[in-house]
Amino acid sequence: MATFTDFVRSNTTEPHRIRTRQILKSHPEIKKLIGQKNPTTFWVILGCVTLMTGMAYLVRDQSWWVVVAAAWFIGAFPAHTLFVCIHEAAHNLIFRKPSANMWAAIFANLPTVFPTALSFKNFHIKHHAFQGVHELDADLPDWYEAKLINNYAIGKAIWLLLFPIFQGIRTIRCRELAVIDKWVAANMIVQVAFDVLIVVLFGWKALIFLGLCLFFSVGFHPLGARWIQEHYLTLDKEQETYSYYGRLNGPNLNVGFHNEHHDFPSIPWNKLPEIKKSAPEYYDTLKYHTSFVRLFFRFLFDQEISLYSRIVRKERGRVTIADQSKPDLEIVQTQEYPAKVTA
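Using my numbering, read the sequence shown as starting at 73 and increasing by one per residue.
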């Protein structure tokens with residue numbers, strides 16, 4: 073695969089809505105999964121919040137090397153799981169009421185220090201609707217970002233280490249999207265109150281520990297390879313979405329089933345493997361990853377992979393800004409004999 077010096081341009085729309093329609097036509101049994109909710113996810117949130125808060129208490133008086141090691145080797149995993157739970161809430165896949173999903177996301181956000189859960193929801197939904205559209209897809213690196221980091225190991229290591237910062241800066245370019253609403257404000261207020269409480273009760277070291285857990289969980293850590301796995305052109309210069317089928321799908325709540333999720337964003341994490349099982353001819357023919365550790369090191373040291381290894385497009389496919397990225401649900405609901413589903 074040749075070295076990229078610019079993003080790969082595409083004149084087509086994002087590929088998932090087309091495949092969703094094809095799969096539903098071939099496998100109508102998948103309809104029964106669409107619109108299901110998984111309230112068990114909230115108990116996962118409760119367990120991870122309790123674990124991370126307990127760890128923050130335990131490391132409050134420890135040496136800094138203990139704090140950093142505990143964050144990298146242990147804390148990053150429940151922090152990443154909470155990020156996945158926030159992602160589930162963004163798609164309203166935990167509870168039936170949207171407001172209940174909002175509060176679940178705010179609660180899941182608590183141990184990760186920065187109030188990002190509801191902002192993430194606003195931008196992530198548009199990532200599904202406008203995958204690869206630079207001014208609307210905050211998952212896509214900025215032009216300056218790709219040029220700055222280039223394809224050298226040290227640059228990519230720094231990028232991973234500071235990934236949450238780069239991710240936050242990207243949102244500035246998405247001017248067409250609402251940034252602040254009442255839920256984002258509520259997220260901020262609750263998060264600041266929790267952070268203050270941690271400092272008052274446990275001290276600054278405990279809060280810094282929680283911040284490190286966040287940065288490691290999405291950055292300089294094998295778990296951070298998830299961002300490379302999802303849409304970077306690592307295995308094929310034309311396939312823009314990849315799944316991961318490996319052991320970390322356990323603690324990561326099947327987040328590796330990324331093609332499946334983009335094809336069917338209205339199906340919760342516990343049902344994603346059933347999509348692949350039901351339609352193997354669509355997914356077994358796609359390339360996929362099996363190791364985050366291998367991908368992590370390959371991304372760092374393979375100079376053929378850079379931040380330019382992404383597909384960009386101008387074509388929005390007649391999708392409106394108000395789109396809520398439920399193509400699977402919309403297809404089923406507009407059919408003559410739709411399956412019983414709930415938005």
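By construction, the Cβ of each residue, glycine as well, lies at the ideal position given by its N, Cα and C atoms.
Remember, predicted model here, so these are calculated numbers, not experimental data.
Self-check item: Pick from Lys277, Trp276, Leu182, Arg91 that is closest to Gln263, judged by C-alpha positions
Solution: Here residue 263 corresponds to residue number 191 of the sequence shown, with the count starting at 1. Looking only at Lys277, Trp276, Leu182, Arg91, the smallest Cα-Cα distance to Gln263 is reached by Leu182.
Quiz prompt | Touching by the beta-carbon criterion (3+ pairs, under 8 Å), the segment 209 to 218 and the segment 164 to 181 | solution = They do not touch, by the three-pair rule.
Quiz prompt | Bounding residues of the beta strand (DSSP E) (the contiguous stretch that carries Ile383) | solution = In the sequence shown, counting from the first residue as 1, residue 383 sits at position 311. That run of the beta strand (DSSP E) goes 383 to 385.
Quiz prompt | For Tyr304, three-class secondary structure by DSSP | solution = Taking the first residue of the sequence shown as position 1, residue 304 is located at position 232. Reduced to three states, the DSSP call for Tyr304 is coil.
Quiz prompt | Leu401 to Leu286 span [Cα, whole Å] | solution = As a working note, residue 401 is residue 329 in the sequence shown. As a working note, residue 286 is residue 214 in the sequence shown. Roughly 32 Å between the two C-alpha positions.
Self-check item: Leu93 - partner residues in DSSP beta bridges
Solution: Counting from one through the sequence shown, the residue named residue 93 turns up at place 21. Note on residue identity: the sequence assigns Arg, not Leu, to residue 93. For Arg93, which the question treats as bridged, DSSP gives no partner whatsoever.
Practice problem: Give the single residue among Trp276, Gln203, Gln134, Ile403 whose Cα lies nearest to the Cα of Ile393. | Solution: The residue given as residue 393 occupies position 321 in the sequence shown. Of Trp276, Gln203, Gln134, Ile403, the residue nearest in Cα terms is Gln203.
Exercise. Let me know if Glu408 comes out buried or exposed under the rule of 16 or more other beta-carbons within 10 Å of its beta-carbon.
Key: What you label residue 408 is simply residue 336 of the sequence shown in a count that begins at 1. No answer about Glu408 holds up, because its pLDDT of 44 lies below 50 and its placement is not dependable.
Exercise. Determine which residues share a DSSP beta bridge with Arg421 and list them.
Key: The structure shown does not extend to residue 421, since the chain spans only 73 to 415, so no value can be given for it.
Practice problem: Starting from Ser98, follow its DSSP beta bridges and name the residues at the other end. | Solution: Working through the sequence shown from its first residue, we reach residue 98 at position 26. None, per the DSSP bridge assignment.
Exercise. Tell me where the alpha helix (DSSP H) around Ala268 begins and ends.
Key: Translated into the one-based positions of the sequence shown, residue 268 becomes position 196. Reading off the sequence shown, one finds Val at residue 268, where the question assumed Ala. Segment 254 to 273, the alpha helix (DSSP H) holding Val268.
Self-check item: Where Val116 falls: helix, strand or coil (DSSP)
Solution: The residue given as residue 116 occupies position 44 in the sequence shown. In this structure, Val116 counts as helix in the three-state DSSP scheme.
Quiz item: Helix, strand or coil: how does DSSP classify Tyr216 here?
Solution: Residue 216 sits at position 144 when you count from the first residue of the sequence shown. Three-state result, Tyr216: helix.
Quiz item: Using the beta-carbon count (16 or more within 10 Å), is Trp115 buried or exposed?
Solution: Within the sequence shown, residue 115 is the residue found at index 43, counting from 1. It counts as exposed.
Practice problem: Answer with yes or no whether the minimum CB distance from Leu154 to chain B is below 8 Å. | Solution: Although the question refers to chain B, the structure presented lacks it and comprises just one protein chain.
Quiz prompt | Distance between Glu310 and Val384 (C-alpha atoms, nearest Å) | solution = Translated into the one-based positions of the sequence shown, residue 384 becomes position 312. Translated into the one-based positions of the sequence shown, residue 310 becomes position 238. Computed Cα separation, rounded: 11 Å.
Quiz item: Going straight from the alpha carbon of Asn259 to that of Thr153, what length do you get?
Solution: Counted from its first residue, the sequence shown places residue 259 at position 187. Counted from its first residue, the sequence shown places residue 153 at position 81. About 19 Å.
Practice problem: Taking the CB atoms as reference points, tell me whether Ile166 and Pro111 lie closer together than 8 Å. | Solution: For the purposes of this step, residue 166 is taken as the residue at position 94 of the sequence shown. For the purposes of this step, residue 111 is taken as the residue at position 39 of the sequence shown. Cβ atoms of Ile166 and Pro111: closer than 8 Å.
Quiz item: With a CB to CB cut of under 6 Å and the five nearest residues on each side skipped, what residues in its chain are close to Ala161?
Solution: By one-based count along the sequence shown, residue 161 stands at place 89. So the list reads Asn173, Ala176, Ala177, once near-sequence residues are dropped.
Practice problem: Would you list the one or two residues that DSSP bridges to His361? | Solution: Here the question's residue 361 lines up with position 289 in the sequence shown. His361 pairs with Tyr316.
Quiz item: Near Arg388, which residues of its chain fall below 7 Å by C-beta distance, leaving aside the five closest residues on each side in sequence?
Solution: As a first step, residue 388 must be located in the sequence shown, where it is residue number 316. The residues are Phe202, Val205.
Quiz item: So, Ser315 versus His330, is the Cβ gap smaller than 8 Å?
Solution: Residue numbering aside, residue 315 sits at position 243 when the sequence shown is read from its first letter. Residue numbering aside, residue 330 sits at position 258 when the sequence shown is read from its first letter. In contact: Ser315 and His330 (Cβ atoms closer than 8 Å).
Quiz item: Among all the DSSP beta bridges, which residues are the ones paired with Arg81?
Solution: Numbered from 1 along the sequence shown, position 9 holds the residue referred to as residue 81. Answer is Val384, bridged to Arg81.
Practice problem: Can you give me the Cβ contacts of Arg93 inside the same chain, cut-off strictly under 7 Å, excluding the 5 residues immediately before and after it? | Solution: To locate residue 93, count along the sequence shown from 1; it is residue 21. Only Ile403 meet the Cβ criterion.
Quiz prompt | Sequence-distant residues of the same chain with beta carbon closer than 6 Å to Phe149, five excluded per side | solution = As a first step, residue 149 must be located in the sequence shown, where it is residue number 77. If you ignore the 5 residues before and after Phe149, its C-beta comes within less than 6 Å of the C-beta of Pro323, all in its own chain and listed in chain order.
Quiz item: Taking Cβ to Cβ, would you say Leu212 is nearer than 8 Å to Arg382?
Solution: On the sequence shown, position 140 is the one that residue 212 refers to. On the sequence shown, position 310 is the one that residue 382 refers to. Going by C-beta atoms, Leu212 is nearer than 8 Å to Arg382.
Self-check item: Per DSSP, cross-strand counterpart(s) of Val205
Solution: In the sequence shown, the residue the question calls residue 205 occupies position 133. Answer is Arg385, bridged to Val205.
Quiz item: Does DSSP classify Ser397 as helix, strand or coil?
Solution: Position 325 of the sequence shown, counted from the start, is the residue given in the question as residue 397. The answer is coil: DSSP assigns Ser397 none of H, G, I, E or B.
Quiz item: Around the C-beta of Val156, are 16 or more other C-beta atoms found within 10 angstroms, so that it is buried, or is it exposed?
Solution: Along the sequence shown, read from residue 1 onward, the residue named residue 156 stands at position 84. Buried, because 16 or more other Cβ atoms sit within 10 Å of the Cβ of Val156.
Quiz item: Where do the ends of the alpha helix (DSSP H) carrying Tyr224 lie?
Solution: Residue 224 sits at position 152 when you count from the first residue of the sequence shown. No alpha helix (DSSP H) holds Tyr224; DSSP gives it neither H nor E.
Practice problem: Please work out which residues of its chain come closer than 7 Å, Cβ to Cβ, to Glu346, disregarding the five sequence neighbours upstream and downstream, and give them in chain order. | Solution: Taking the first residue of the sequence shown as position 1, residue 346 is located at position 274. Only Leu105 meet the Cβ criterion.
Self-check item: Residue nearest to His199 in terms of C-alpha spacing, selected from Pro337, Leu96, Phe368
Solution: Taking the sequence shown and counting its residues from 1, the one referred to as residue 199 is at position 127. Among Pro337, Leu96, Phe368, the Cα nearest to that of His199 is on Pro337.
Quiz item: Between the Cα of Ala128 and the Cα atoms of Glu353, Val272, Tyr224, Leu358, which residue gives the shortest distance?
Solution: Within the sequence shown, numbered from 1, the residue matching residue 128 stands at position 56. Per the Cα distances, Val272.
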